[in-house]
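Chains as they are written, first to last, in my numbering: chain D, 70 to 477; chain H, 70 to 477. Worksheet: the structure to be examined is printed underneath.
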């Protein structure tokens, strides 16, 4: 397929594109490049991120990141984490809770310190170094979740540690951003931060521990009594949106609520709800992945200082997570520790939020902002092949041994 | 369920609501009121439209119609028509083509004349009467499609006539709006209008007649060769978006392309694609229905002139479609003619487009605009029970005769 069918539909101004054309360009290019990557032996997810780079402002300029792409991307990652939750059992996640906490804490502390020290040594202002460190803390678990789900590896120990750690990671990173922003603002309220922590942890513990029991009862009743068609699916959606909204209220990301919702509901809902939710996820996830690529800006390479700093920052960002999180999971052996470390590498939307907050508060300079965004796109693209490598030789339930041997 | 859980999540300014909260409010209220309506023996679809009125600016003021709700609504109706297309066979639609053309043409001409004469008799300016007539022409087939799909009636003769007529109706209404706008602008280009007609009709005929043969071959090949997961679903989505985008290019609505895409693909794709697409539709359709209700403005009732005009306009709008379209289908007997007439009553997004265009061109006054929007909301709400009444006594494949007797 050449660019011709796409190009014919473009009428010059990217703002004027209709909904159907934008859907076609983003979804179509993501799936096309995913297929290409799969054929080259690479994870399809890389193709979907690179599709965003390709159609984005720096290369073809067909689509700009805007409110529409942001909405579709947010919906995509919400449903992605919901689907992952549907495939995970709360008990097993709780069993691995100790390791998850260690991975989560070390995976925030070490990248933060690494980022801070790097920028401090580079002679930048202390506050800017603090923001850079903060930007390195939060893992974008959606990338890893998609790789693991596509390869049917969500039931592995490393996968469960990663998912548990991502929750801890998210709480800590959001608290850190709150704290750092208040310091930059000159208004620190320790009581408020403590209260947020308490709410967030309490909410997650309650939902993870007792959520599926409470929901099980409700779902069984609804299944029998509701008059509307597909009532169980409707209930699952309401539950997903409610927990996502509540998560935000207690100070955690909406996607954590989506994950908890999926986990709480997984045993109670019939397979049909899984299939219907799967359709939504299949449609929306490419928009989440392509949107990461849309943020890539070629013009940052015109400033050689940004390029040099990024060339140092990218390994710092990758290695600090790989070793920080790996350290936390070391008690499960080196293989699992490597898998966990690799799975925690991706960065995404949180980086952009930190960078934007720092910019708005005047604590971050424009070149640092550009560098952080570049780092996030590169880390998101590098993580999937690293994860494939870390999980090399693992049998997929639907793979025969012969197939695996050819991969070796 | 009280309003409390929703109210707790609201933080005053509707603009500041997060994605998850908006999803929860719109989807949750739509499904809640749908269930309520079903229990009261009314079609659930009314509840979903009324949910939009309830949460919208005139009652609770929780959600404003904006770019987000519009995007979700447009996605919803796109997937709704795609799903309907999946359940319809092109050959059967073409067999009923003669009746569909008669219904489509009479269903545009008679409502247009009725609207024009009514406003001309009311002493309004000629151009305003022309715009009002135009606003009455286009059926919002999504409403009817949803009712018929929910009751599993899409295989009935009347349903197929309605779907075919909706295509004709859409072409004629869009041409009429184009023509009327050029007259109001003072720039009429007959050649351009003729060319648009030719393109639109040619495109539809080609896709409807040969689309499924061409697609069948491609789908079978893709199913075997693609490396990515759910490749057939991805292909179906790309095909849907491509036909929707192409439809717009040749001058027809995107939803017509979505319908043709579903019809062309229905025989070639495996049941799994139907299920996945069904999940997307189930999620998005409530946003389409609630968004109709969001446009309702209570303040129009403060102007008694608007109320009186609306009290005349609403029966004019309903009866002109009922009799106009019924007349076109009379050769199939009175029962089918009534069903077709009732199914063509709903108005929706096209009304709003005509009203906005007329307002922007200065041809329409603000009170007429408010009245048209009110008429669209009322017609969309009244049509489902009329349709239920017209199809009374029809066995659903999953209903026993005893159940039907109790409805009688």
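C-beta: ideal position from N, C-alpha, C; glycine also. No experiment lies behind these values; they were computed from the predicted model shown.
{"Query": "Members of the stretch 297–314 of chain H near chain D, C-beta cut-off 7 Å", "Result": "297, 298, 299, 302, 303, 306, 307, 310, 311, 313, 314"}
{"Query": "Inter-residue spacing [alpha-carbon to alpha-carbon] between residue 111 (chain D) and residue 175 (chain D)", "Result": "30 Å"}
{"Query": "Cβ-Cβ distance between residue 427 (chain D) and residue 200 (chain D) below 8 Å", "Result": "yes"}
{"Query": "Proximity test, Cβ basis, 8 Å: residue 317 (chain D) and chain H", "Result": "yes"}
{"Query": "Buried or exposed (CB count within 10 angstroms, at least 16 for buried), residue 371 (chain H)", "Result": "exposed"}
{"Query": "Helix, strand or coil at residue 440 (chain H) according to DSSP, with G and I counted as helix", "Result": "helix"}
{"Query": "Straight-line Cα distance separating residue 435 (chain D) from residue 374 (chain D)", "Result": "12 Å"}
{"Query": "Local conformation of residue 479 (chain H) per DSSP, three classes", "Result": "Because chain H in this structure spans residues 70 to 477, residue 479 (chain H) falls outside the shown range and cannot be described."}
{"Query": "Residue closest to residue 177 (chain H), alpha-carbon to alpha-carbon, out of H:192, H:232, H:242, H:114", "Result": "H:242"}
{"Query": "Sequence ranges, alpha helix (DSSP H) only - wholly within the stretch 290–355 of chain D, length at least 4", "Result": "300–319, 323–334"}
{"Query": "Residue 112 (chain H) in three-state terms, based on DSSP", "Result": "coil"}
{"Query": "Proximity test, Cβ basis, 8 Å: residue 284 (chain H) and chain D", "Result": "no"}
{"Query": "Three-way DSSP call (helix, strand, coil) for residue 401 (chain H) in this model", "Result": "helix"}
{"Query": "C-alpha gap between residue 407 (chain H) and residue 459 (chain H), whole angstroms", "Result": "6 Å"}
{"Query": "Whole-number beta carbon distance between residue 94 (chain D) and residue 124 (chain D), since they are thought to touch under 8 Å", "Result": "6 Å"}
{"Query": "Per-residue contacts from residue 222 (chain H) into chain D (C-beta, under 7 Å)", "Result": "Residues of chain D passing the Cβ test: none, with the nearest at roughly 13 Å."}
{"Query": "Buried or exposed (CB count within 10 angstroms, at least 16 for buried), residue 86 (chain D)", "Result": "buried"}
{"Query": "Cβ pair count under 8 Å reaching 3, the stretch 307–326 of chain H against the stretch 183–196 of chain H", "Result": "no"}
{"Query": "Rounded distance between the beta-carbons of residue 395 (chain D) and residue 227 (chain D), thought under 8 Å", "Result": "Not quite, the Cβ-Cβ distance comes to about 11 Å (not below 8 Å), so this is no contact."}
{"Query": "Residues from the stretch 340–355 of chain H in contact with chain D, defined by Cβ distance under 7 Å", "Result": "344, 345, 346, 347, 348, 349, 351, 352"}
{"Query": "Opening and closing residue of the alpha helix (DSSP H) in which residue 154 (chain H) lies", "Result": "136–155"}
{"Query": "N- and C-terminal bounds of the alpha helix (DSSP H) containing residue 203 (chain D)", "Result": "195–204"}
{"Query": "Neighbour flag for residue 100 (chain H) against chain A, beta carbons, 8 Å", "Result": "The structure shown contains no chain A; its protein chains are D and H."}
{"Query": "From H:129, H:148, H:126, H:127, residue whose alpha carbon lies closest to that of residue 357 (chain H)", "Result": "H:148"}
{"Query": "Listed by chain order, chain D residues near residue 323 (chain H) by CB distance under 8 Å", "Result": "87, 88, 89"}
{"Query": "Interface flag, residue 143 (chain H) vs chain D, CB-CB below 8 Å", "Result": "yes"}
{"Query": "Residue 434 (chain D): first and last residue of the uninterrupted alpha helix (DSSP H) it sits in", "Result": "Counting along the chain, residue 434 (chain D) falls outside any alpha helix (DSSP H), and DSSP gives it neither H nor E."}
{"Query": "Chain H contact residues for residue 97 (chain D), given Cβ-Cβ distances below 8 Å", "Result": "307, 310, 311"}
{"Query": "Under 8 Å between C-beta atoms of residue 299 (chain H) and residue 194 (chain D)", "Result": "no"}
{"Query": "Run of the alpha helix (DSSP H) containing residue 215 (chain H), from where it starts to where it stops", "Result": "210–219"}
{"Query": "At least three beta-carbon pairs within less than 8 Å, the stretch 210–219 of chain D to the stretch 446–460 of chain D", "Result": "yes"}
{"Query": "Residue 377 (chain D) classed as buried or exposed, judged by whether at least 16 other C-beta atoms fall within 10 angstroms", "Result": "exposed"}
{"Query": "Stretch pair the stretch 275–283 of chain H + the stretch 320–336 of chain H: three plus CB contacts closer than 8 Å", "Result": "yes"}
{"Query": "Per-residue contacts from residue 140 (chain H) into chain D (C-beta, under 9 Å)", "Result": "88, 136, 137, 140, 141"}
{"Query": "Any C-beta of chain H under 8 Å from that of residue 219 (chain D)", "Result": "yes"}
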